[in-house]
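So the structure is just underneath, and the comments pick up after that.
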Amino acid sequence: MPTETIDRLARRLAEALPEGLRSVRDDLEQTFRSVLDSGLSRLDLVTREEFDVQQAVLARTRQKLEALERRVSSMEAGPAPAAPDAGTRGPAANDESSSRNTE
């Protein structure tokens with residue numbers, strides 16, 4: 028959290044003190060500032076910009092996941108028709124390539 032926001036909040040807390048404590052207002056304002064700063068530093072906070080970037084990344088990831096789920100569903104539904112040139116290489120071509128891989 029920006030220090031100006033912490034300062035503003037500490038000032039508002041100090042101003043809200045009853046009249047009897049106004050004499051120690053500056054000391055209490057500094058104490059408020061320290062307590063707020065240390066308390067907020069322990070929290071795992073991100074800036075709005077970082078949050079927006081991660082939200083966009085999550086949206087893109089979700090779209091990709093949904094597309095992959097659709098592809099898997101269509102694959103599970105049954106094989107797609109073979110392309111006309113998918114079977115042009117005969118078994119001899121496969122044997123020839125497999126013999127090259129074993130050497």
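Residues 28 to 130 in our numbering are what the sequence shown lists, from first letter to last.
Ideal placement from N, C-alpha and C gives every residue a C-beta, glycine not left out.
- A residue is called buried once 16 or more other Cβ atoms fall within 10 Å of its Cβ, and Ala83, having fewer, is exposed.
- Remark: C-beta atoms of Ala94 and Arg60 do not approach each other more closely than 8 angstroms.
- Under the three-state reduction of DSSP output, Leu72 falls in the coil class, being neither helix nor strand.
- Around the C-beta of Ala86, fewer than 16 other C-beta atoms lie within 10 Å, and the residue is accordingly described as exposed.
- Only exposed fits Ala104, as fewer than 16 other CB atoms lie within 10 angstroms of its CB.
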